[in-house]
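Report on the structure given below.
Protein chains: 2
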Amino acid sequence: MTAETEMRITEKSRIKRAPTRAVYDRATVDAILDAGLLCHVGYVIDGAPYVTATCHWRKGDRVYWHGSAASRMLRTVTSGVPVCFTVSHLDGIVLARSGFHHSVNYRGVTLFGEAVKIEDEGEKLAALKDLSDRLTPGRGEELRPVNDQEMKGTTICALEIDEGSAKVRAGGPVDDDEDYDLDVWAGVVPVTTTLGAPIPDPRLKPGIAEPAYLREISIGQAPKA
Amino acid sequence: MTAETEMRITEKSRIKRAPTRAVYDRATVDAILDAGLLCHVGYVIDGAPYVTATCHWRKGDRVYWHGSAASRMLRTVTSGVPVCFTVSHLDGIVLARSGFHHSVNYRGVTLFGEAVKIEDEGEKLAALKDLSDRLTPGRGEELRPVNDQEMKGTTICALEIDEGSAKVRAGGPVDDDEDYDLDVWAGVVPVTTTLGAPIPDPRLKPGIAEPAYLREISIGQAPKA
Numbered sequence: 080m081t082a083e084t085e086m087r088i089t090e091k092s093r094i095k096r097a098p099t100r101a102v103y104d105r106a107t108v109d110a111i112l113d114a115g116l117l118c119h120v121g122y123v124i125d126g127a128p129y130v131t132a133t134c135h136w137r138k139g140d141r142v143y144w145h146g147s148a149a150s151r152m153l154r155t156v157t158s159g160v161p162v163c164f165t166v167s168h169l170d171g172i173v174l175a176r177s178g179f180h181h182s183v184n185y186r187g188v189t190l191f192g193e194a195v196k197i198e199d200e201g202e203k204l205a206a207l208k209d210l211s212d213r214l215t216p217g218r219g220e221e222l223r224p225v226n227d228q229e230m231k232g233t234t235i236c237a238l239e240i241d242e243g244s245a246k247v248r249a250g251g252p253v254d255d256d257e258d259y260d261l262d263v264w265a266g267v268v269p270v271t272t273t274l275g276a277p278i279p280d281p282r283l284k285p286g287i288a289e290p291a292y293l294r295e296i297s298i299g300q301a302p303k304a
Numbered sequence: 080m081t082a083e084t085e086m087r088i089t090e091k092s093r094i095k096r097a098p099t100r101a102v103y104d105r106a107t108v109d110a111i112l113d114a115g116l117l118c119h120v121g122y123v124i125d126g127a128p129y130v131t132a133t134c135h136w137r138k139g140d141r142v143y144w145h146g147s148a149a150s151r152m153l154r155t156v157t158s159g160v161p162v163c164f165t166v167s168h169l170d171g172i173v174l175a176r177s178g179f180h181h182s183v184n185y186r187g188v189t190l191f192g193e194a195v196k197i198e199d200e201g202e203k204l205a206a207l208k209d210l211s212d213r214l215t216p217g218r219g220e221e222l223r224p225v226n227d228q229e230m231k232g233t234t235i236c237a238l239e240i241d242e243g244s245a246k247v248r249a250g251g252p253v254d255d256d257e258d259y260d261l262d263v264w265a266g267v268v269p270v271t272t273t274l275g276a277p278i279p280d281p282r283l284k285p286g287i288a289e290p291a292y293l294r295e296i297s298i299g300q301a302p303k304a
């Protein structure tokens, strides 16, 4: 697979509203995907739309998500149908001098394509390790191996990062010229995702120290380099 | 409209995976909707799924969202087609003693139905006031009136809170009995949404104080009673 530097722009993926906020470079798309833990996956059953929130992770040119092999969402999206995959971060509330120009700062990615089911056992194990490493690098080695029943009960699917786009709004309000003289507060209230202090399970075995990686988890912001 | 206390359960809205996490009471559904600012709306164009992230607000038995009258999303969802509306909150990362039982704590709502366009001008103005009051009660009165062009350029749509469900996971990991003896840290890393200190616009008129409501904004958690 060649490393692409730009997303493929199609009638589906071209941003139509507020096109100045559109971003098609892969570095931006990847950073937005990597900052997220929760995605929303859209699919169609009997002509009707369904949206399922689930956890995702990225590796190279693909995003992955997984769940129970019995999941209707996973059975549907791996059956060769079009999928819409989105990750969105809310970064701020933008208060303008008129109601009309109020806005939010955000980073979002939308991908289109067909998801594929990862069938190969080695590939599945590698993908599960990537998921674990995304949040808690090294934890995979501490855990017991995945057993056959768990493996059989888990479906993992992947979608190429190819047709899609990012949309980003940042910065302060942009008001109509004549409104700058109004006696109204204007600015931005920042919104961030915060990770709290880890809460040990009441049944935690005595003597087990809190792993260092728990304090390194990052969601919402770009992961530390 | 009668005040419903339960969601309408249908083949679409009945939770199939992890049904013990399903919640159908309206109080829970409303609290999850009210805690959110960002929703994801699913719709179908030419048989393909699209998911758009946008801001929503609730009033009584309806959720609302809005945008440019030229928005393809809004033109589509107000054309009498099925819509899937979702709001999701990530509340924690659940670290279990096996990879398989890792999970996330979350609160999510999914609604199904057909959205309607708010055509009446008075109703539109009232809806915009509700949006403003959701985050910044009282700010609506400080702003200049919406002008005709802005009114014409804005489409607001509404969806009944009727067919749908909530799904909630909370608490610590649930491990296989034989895994509780493993030497692995287990517990929850809480995830919260945090509002930062307001950043005044560089062009803010001198002498304008920061409104008190800016420090009262709540997202992600249930709004203060």
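Just so you know, the sequences run in chain order A and B. Residues are numbered in our numbering as their position in the first sequence, beginning at 1, plus a constant of 79. Residues are numbered in our numbering as their position in the second sequence, beginning at 1, plus a constant of 79. For glycine and all other residues, C-beta sits at the position ideal for the given N, C-alpha and C.
With burial defined as no fewer than 16 other Cβ atoms inside 10 Å of the residue's Cβ, what is the status of A/Thr84: buried or exposed?
-> Position 5 of the first sequence holds residue 84 of chain A. With fewer than 16 Cβ atoms within 10 Å of its Cβ, A/Thr84 is classed as exposed.
Amino acids of chain A, ordered along the chain, whose beta-carbon sits closer than 7 Å to that of B/Cys134 | Within the second sequence, numbered from 1, the residue matching residue 134 of chain B stands at position 55. By Cβ distance, chain A contributes Val183.
If you run the structure through DSSP and keep just helix, strand and coil, what is B/Asp113?
-> On the second sequence, position 34 is the one that residue 113 of chain B refers to. In this structure, B/Asp113 counts as helix in the three-state DSSP scheme.
Using a beta-carbon distance below 9 Å, is B/Trp264 in contact with chain A?
-> Numbered from 1 along the second sequence, position 185 holds the residue referred to as residue 264 of chain B. Chain A contact via Cβ: present.
If contact means a Cβ-Cβ distance below 7 Å, which residues of the region 221–255 of chain B contact chain A?
-> Glu221, Leu222, Arg223, Val225, Glu229, Gly251 and Pro252
What did DSSP end up calling A/Ser182 once you bin it into helix, strand or coil?
-> In the first sequence, counting from the first residue as 1, residue 182 of chain A sits at position 103. Strand.
Can A/Pro128 and B/Tyr259 be called in contact, C-beta distance under 9 Å?
-> To locate residue 128 of chain A, count along the first sequence from 1; it is residue 49. To locate residue 259 of chain B, count along the second sequence from 1; it is residue 180. Going by C-beta atoms, A/Pro128 is not nearer than 9 Å to B/Tyr259.
Status (buried if at least 16 other CB within 10 Å, exposed otherwise) for A/Thr89 = In the first sequence, residue 89 of chain A corresponds to position 10, counting from 1. Classification of A/Thr89: exposed, given that the 10 Å Cβ count is below 16.
Other residues of its chain near A/Val188: CB distance less than 6 Å, five sequence neighbours each side excluded = To locate residue 188 of chain A, count along the first sequence from 1; it is residue 109. The residues are Val108, Ile111, Leu112, Val166 and Ala245.
Would you say B/Val142 faces chain A, with C-beta separation under 9 Å as the test?
-> Numbered from 1 along the second sequence, position 63 holds the residue referred to as residue 142 of chain B. No - not a single Cβ of chain A is within 9 Å of the one on B/Val142.
Around the C-beta of B/Ala314, are 16 or more other C-beta atoms found within 10 angstroms, so that it is buried, or is it exposed?
-> No statement about residue 314 of chain B is possible, as the shown extent of chain B runs from 80 to 304 and does not include it.
Environment of B/Lys303 [buried if 16+ CB atoms lie within 10 Å] = Against the second sequence, residue 303 of chain B aligns to sequence position 224. Confidence is the limiting factor: at B/Lys303 the pLDDT is only 48, short of 50, which leaves the residue's position unreliable, though a coordinate-based value still follows. So B/Lys303 ends up on the exposed side.
Could one say the Cβ of B/Val108 lies closer than 9 Å to chain A's Cβ atoms, at least one of them?
-> Walking along the second sequence from the start, residue 108 of chain B turns up at place 29. Taking Cβ atoms only, chain A never reaches closer than 9 Å to B/Val108, which makes this a no.
So, are the CB atoms of A/Val156 and A/Ala194 less than 9 Å apart?
-> Within the first sequence, numbered from 1, the residue matching residue 156 of chain A stands at position 77. Within the first sequence, numbered from 1, the residue matching residue 194 of chain A stands at position 115. Yes, the pair counts as a contact, with Cβ atoms nearer than the cut-off.
Can you list, in chain order, the residues of its chain whose CB lies under 7 Å from that of B/Ser177, leaving out five sequence neighbours each side?
-> Here residue 177 of chain B refers to the residue found at position 98 when the second sequence is read from its first residue. So the qualifying residues of the chain are Asp254, Asp255 and Asp258.
What's the C-alpha gap between B/Ser297 and B/Leu274?
-> Position 218 of the second sequence, counting from 1, holds the residue named residue 297 of chain B. Position 195 of the second sequence, counting from 1, holds the residue named residue 274 of chain B. The straight-line gap from Cα to Cα measures roughly 8 Å.
Between the region 229–241 of chain B and the region 134–150 of chain B, do three or more beta carbon pairs fall short of 8 Å?
-> yes
Could you confirm whether any beta carbon from chain A is found closer than 9 Å to the beta carbon of B/Tyr129?
-> For the purposes of this step, residue 129 of chain B is taken as residue 50 along the second sequence, with counting starting at 1. Yes, contact with chain A.
Output, in chain order, the set of chain B residues within a Cβ distance shorter than 8 Å of A/Tyr122.
-> Reading the first sequence from its first residue, position 43 is the one you call residue 122 of chain A. The answer, in chain order, is Pro128.
Interface partners of B/Tyr103 on chain A, CB under 7 Å | Here the question's residue 103 of chain B lines up with position 24 in the second sequence. What B/Tyr103 touches in chain A: nothing, since even the nearest Cβ is about 18 Å away.
If you compare alpha carbons, which of B/Lys208, B/Lys203, B/Leu238 and B/Arg218 is closest to B/Met230?
-> If you number the second sequence from 1, residue 230 of chain B lands on position 151. The residue with the shortest Cα to Cα distance from B/Met230 is B/Lys203.
Give the DSSP-derived three-state secondary structure of A/Gly201 in the structure shown.
-> Within the first sequence, the letter at position 122 stands for residue 201 of chain A. If DSSP states are grouped into helix, strand and coil, A/Gly201 belongs with the helices.
Residues of the region 184–206 of chain B whose Cβ lies closer than 9 Å to any Cβ of chain A, in chain order = Tyr185, Gly187, Thr189 and Phe191
Reduced DSSP category for B/Tyr259 - H, G, I as helix; E, B as strand; rest coil | Your numbering for residue 259 of chain B matches position 180 in the second sequence. Coil.
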